[in-house]
Amino acid sequence: MLPPRGYVFIALNVVRIISVVSLVLVFASNIDTLVHDILAVNKYLTGGNGSDSATSTTISQVAVSYDYIMDSTVPIQPGGAFWAVLNRLLIMGQTIVLLLSESGWPSVFFERFFPILGKEFGLGALGLMQCLIGAATLSHHVDDFTLVSAIFLFSIGCLYIILGFIFGPSARAKRSVTSWRDQTEPSLPSYTPQSMTPLIFGSSPSFGSSPMLGSDKLTGSPGKSAMGFGRQADKIANAKGYLISKPLDSLPRYAPRVPVPRGMEQSA
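No gaps in the numbering here: position 225 of the sequence shown is 221 in this note's numbering, and each next residue is one more.
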């Protein structure tokens, strides 16, 4: 049984995978549309497939009667082919940036140049850019593959905007794999300096006070400072039954034995 944040983690990552798939489809469909547009422009400029002049004139008249070149998304206006190709290139560049934002790499690049797509922000801005790409693609007459990909991406963008309103800036942290690993509880207890407490009284010893004489539970006066090693602390310790005896003088085992003269041994 997973905790609630586990289900949130799984749901957000499923949406992220669908978003990555939709971005890849939009990137591929724009390449296909770009190729068709270039072929249509070349056909329009040559006036057909090399047929006679009458046929070429008829094709040109039919093409000019429309606002767009036939079988393309290129408008018939000054620089129409240039702006159409530039539009497709910009859309593909935006999809690459959004794919990198979905993967979270490189994080330094986004934190410096595109912080709104970094880990400090939520998913609302990412969804808004996906909706803009989808709307820019759907605003032209495209084939079925490009149409389905753009609708798919626009729907994911709307979902991201809703998730951005729900989770706020913490949405990326909730779906991050590294954050999930940091939040998981280890199976074995780990040592931290704050977790080390005395075994008898349950409070950490402070500087200049004894673990036995410096606790409030021993002195019986909660909220007061420790007594340290003074006479007052000795009196309180004796009243509570804690006696401190002076250790016996002894030499360590590794100390060298002092030889005793023979005359001293006889006198002893």
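All C-beta atoms in this analysis are idealised placements derived from N, C-alpha and C, irrespective of residue type, glycine included.
Checklist entry - At which residues does the alpha helix (DSSP H) containing W101 begin and terminate? => result Your numbering for residue 101 matches position 105 in the sequence shown. Unbroken run through W101: none, as it is neither H nor E.
Checklist entry - Hey, quick one: how far does the alpha helix (DSSP H) through K231 stretch, first residue to last? => result Here residue 231 corresponds to residue number 235 of the sequence shown, with the count starting at 1. Per DSSP, K231 belongs to the alpha helix (DSSP H) from 227 to 235.
Checklist entry - Going by other Cβ atoms of all chains shown within 10 Å of its Cβ, with 16 needed for buried, is N234 buried or exposed? => result Here residue 234 is taken as the residue at index 238 of the sequence shown, counted from 1. Looking at its Cβ environment, which holds fewer than 16 other Cβ atoms inside 10 Å, N234 is exposed.
Checklist entry - Quick one: what's P71 bridged to in DSSP? => result In the sequence shown, counting from the first residue as 1, residue 71 sits at position 75. BP columns for P71 point to Y64.
Next on the checklist: Rounded to whole angstroms, what is the Cα-Cα separation between R12 and Q90?
Outcome noted: Numbered from 1 along the sequence shown, position 16 holds the residue referred to as residue 12. Numbered from 1 along the sequence shown, position 94 holds the residue referred to as residue 90. One C-alpha to the other measures close to 17 Å.
Checklist entry - For F109, which three-state DSSP category applies? => result Here residue 109 refers to the residue found at position 113 of the sequence shown. If DSSP states are grouped into helix, strand and coil, F109 belongs with coil.
Next on the checklist: In whole angstroms, give me the CA-to-CA distance for L96 and S68.
Outcome noted: Stepping through the sequence shown from its first residue, residue 96 is reached at position 100. Stepping through the sequence shown from its first residue, residue 68 is reached at position 72. Roughly 30 Å between the two C-alpha positions.
Item to check | Alpha-carbon to alpha-carbon, L149 and K276 | outcome: Absent from the model: residue 276. The displayed extent of the chain is -3 to 264, so no value can be given.
Checklist entry - Looking at C-alpha atoms only, which residue of A131, R227, N26, D230 is the closest neighbour of I92? => result Numbered from 1 along the sequence shown, position 96 holds the residue referred to as residue 92. When only C-alpha atoms are compared, the closest one is N26.
Checklist entry - In or out: Y156 buried (at least 16 other Cβ within 10 Å) or exposed? => result Start at 1 with the first residue of the sequence shown, and residue 156 comes out as number 160. It is buried - the Cβ of Y156 has at least 16 other Cβ atoms within 10 Å.
Checklist entry - Would A131 be called buried (16 or more neighbouring beta carbons within 10 Å of its own) or exposed? => result Translated into the one-based positions of the sequence shown, residue 131 becomes position 135. Per the 10 Å Cβ criterion, exposed.
Checklist entry - So, using beta-carbon positions, are G118 and F78 closer together than 8 Å? => result As a first step, residue 118 is located in the sequence shown; it is residue number 122 there, counting from the start. As a first step, residue 78 is located in the sequence shown; it is residue number 82 there, counting from the start. In this structure, F78 does not lie closer than 8 Å to G118 by Cβ.
Item to check | Local Cβ density within 10 Å of N38, reported as buried at 16 or more and exposed below that | outcome: Position 42 of the sequence shown, counted from the first residue, corresponds to residue 38. N38 is exposed by the Cβ-count criterion.
Checklist entry - Got a sec, what are the start and stop residues for the alpha helix (DSSP H) H137 sits in? => result Reading the sequence shown from its first residue, position 141 is the one you call residue 137. Counting along the chain, H137 falls outside any alpha helix (DSSP H), and DSSP gives it neither H nor E.
Item to check | Endpoints, the alpha helix (DSSP H) within which S18 is located | outcome: Numbered from its first residue, the sequence shown carries residue 18 at position 22. Per DSSP, S18 belongs to the alpha helix (DSSP H) from 0 to 42.
Item to check | Rounded straight-line distance, which links the Cα of V22 to that of T42 | outcome: As a working note, residue 42 is residue 46 in the sequence shown. As a working note, residue 22 is residue 26 in the sequence shown. Spanning the two alpha carbons is a distance of roughly 30 Å.
Item to check | For R171 and P165, the rounded distance between their alpha carbons | outcome: The sequence position of residue 165 within the sequence shown is 169, counting from 1. The sequence position of residue 171 within the sequence shown is 175, counting from 1. Spanning the two alpha carbons is a distance of roughly 12 Å.
Checklist entry - Out of curiosity, what's the CA-to-CA distance linking S135 and Q126? => result Position 139 of the sequence shown, counted from the start, is the residue given in the question as residue 135. Position 130 of the sequence shown, counted from the start, is the residue given in the question as residue 126. Cα-Cα distance, rounded: 14 Å.
Checklist entry - In angstroms, rounded to a whole number, what distance separates the CA positions of E181 and L113? => result Position 185 of the sequence shown holds residue 181. Position 117 of the sequence shown holds residue 113. Caution applies to E181, whose pLDDT of 46 falls short of 50 and renders its modelled position unreliable; the value that the coordinates give is listed next. Going by the C-alpha atoms only, they are around 29 Å apart.
Item to check | Reduced DSSP secondary structure (H/G/I, E/B, other) of K170 | outcome: Residue 170 sits at position 174 when you count from the first residue of the sequence shown. If DSSP states are grouped into helix, strand and coil, K170 belongs with the helices.
Checklist entry - From this set, D230, P111, A80, which residue's C-alpha is nearest L30's C-alpha? => result Translated into positions along the sequence shown, residue 30 becomes position 34. Of the candidates D230, P111, A80, the one whose C-alpha sits nearest the C-alpha of L30 is A80.
Next on the checklist: What does the Cβ neighbour count give for V58, buried or exposed, with the cut at 16 atoms within 10 Å?
Outcome noted: Residue mapping note: residue 58 aligns to position 62 of the sequence shown, counting from 1. Per-residue confidence for V58 stands at a pLDDT of 46, beneath the threshold of 50, marking its modelled position as unreliable; no derived number is given.
Next on the checklist: With distance defined between alpha-carbon atoms, name the residue in V104, D28, F5 nearest to R84.
Outcome noted: The residue given as residue 84 occupies position 88 in the sequence shown. Minimum Cα distance to R84 is reached at D28.
Item to check | Reduced DSSP category for G118 - H, G, I as helix; E, B as strand; rest coil | outcome: Here the question's residue 118 lines up with position 122 in the sequence shown. Looking at G118 - three-state DSSP - the assignment turns out to be coil, as it is neither helix nor strand.
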